[in-house]
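A short worksheet on the structure shown next.
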């Protein structure tokens, strides 16, 4: 009985704090959380920094545990940015609310799938999908420059339900680039400018983060102490990023979006085909 209690205590301690974490690694992961929050608040794609940092620090840990820990930080920062955007930018709930519902449900399904299926095929396809997204955004120079919602009624709701389901599942099962995919969906499908798209993206992305975190936490795939430290840093980064986006507007957000997607392509291609 005593041995079982000790084993259980060791398992709980492992979920709270990674025993191999040095002070330097702790600090570097906090910096990664700050940078991820800043990038995420402006254009999405904070996972470009945060997830590779976790995987580099813990190459032998189950991916589900690292992604679960990442969700603690991402959820906190995204919630902060969503509140700040909501106070300044009008949220168009006709598309945002349906997307939130299906994104939440399908992110749960994606997080469940993460614990049961390999992510390698998705990892290899991601650079090509992002490349198409980048080429399209660069070619359409006026894309996201003007805010002109293009869908109404049931068409808007149907498109939002589909977009939320597809991107929500992706965020639950893998994650990097989720904010970028949501941004381009709100810009291209719904006719938003980049600033309004960024505001709606934060709300939908918050739903996917909460859903995935609930499932992964229930399965024990979260290091809470590390996740909370990264969350504080991520919130600080999101505050800075949302301030920059609101101050400089859609043109600034578009430029950052293009840079982030280009960096995502290089990083995901390296991870999938070279490393």
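Numbering (the working numbering), first residue to last: 219 to 493. We treat Cβ as the ideally placed atom computed from N, Cα and C, and that holds for glycine. Just so we're clear, the structure is a prediction, and the values are computed from it rather than from any experiment.
Nearest neighbour of residue i, chosen from the options [CA to CA]
i, options, result
"residue 251", "349, 395, 295, 285", "295"
"residue 470", "458, 424, 412", "412"
"residue 464", "416, 285, 476, 284", "416"
"residue 335", "258, 256, 292, 280", "280"
"residue 484", "346, 398, 329", "346"
"residue 256", "307, 292, 414", "292"
"residue 377", "297, 462, 243, 312", "312"
"residue 401", "242, 261, 249", "261"
"residue 419", "242, 249, 321", "321"
"residue 355", "461, 440, 304, 477", "477"
"residue 439", "302, 277, 329, 467", "329"
Straight-line Cα distance separating residue j from residue i
i, j, result
"residue 326", "residue 444", "23 Å"
"residue 491", "residue 385", "24 Å"
"residue 222", "residue 290", "Interpretation of residue 222 is limited by its pLDDT of 42, a score under 50 that renders its predicted location unreliable; no figure is taken from the coordinates."
"residue 406", "residue 422", "16 Å"
"residue 299", "residue 240", "30 Å"
"residue 414", "residue 350", "23 Å"
"residue 211", "residue 272", "The chain is shown only over 219 to 493; residue 211 falls outside these bounds and no answer can be derived."
"residue 310", "residue 403", "14 Å"
"residue 324", "residue 331", "10 Å"
Same chain, Cβ closer than 6 Å to residue i, neighbours up to 5 away in sequence not counted
i, result
"residue 500", "Lying before the first or after the last residue shown, residue 500 is absent from the chain, which here runs from 219 to 493."
"residue 374", "312, 313"
"residue 454", "252"
Contact belief for residue i with residue j at Cβ below 8 Å, rounded distance in angstroms
i, j, result
"residue 264", "residue 254", "3 Å"
"residue 395", "residue 348", "6 Å"
"residue 246", "residue 448", "Residue 246 to residue 448, Cβ: 11 Å. No contact."
"residue 459", "residue 259", "3 Å"
Cutoff 7 Å; reference residue i; Cβ partners in own chain excluding five residues on either side
i, result
"residue 307", "413, 414, 417"
* To do: Assess, as a yes-or-no matter, whether the stretch 379-386 is touched by the stretch 311-319 under the definition of 3 or more beta carbon pairs within less than 8 Å.
  => yes
* Asked: Counting pairs of Cβ atoms below 8 Å between the stretch 424-438 and the stretch 267-275, do you hit three or more?
  -> no
* Using 8 Å as the threshold, is the stretch 472-483 in touch with the stretch 366-375, meaning 3 or more CB pairs across them? -> no
* Can we say the stretch 430-440 touches the stretch 285-292, given the rule of at least three CB pairs closer than 8 Å? -> yes
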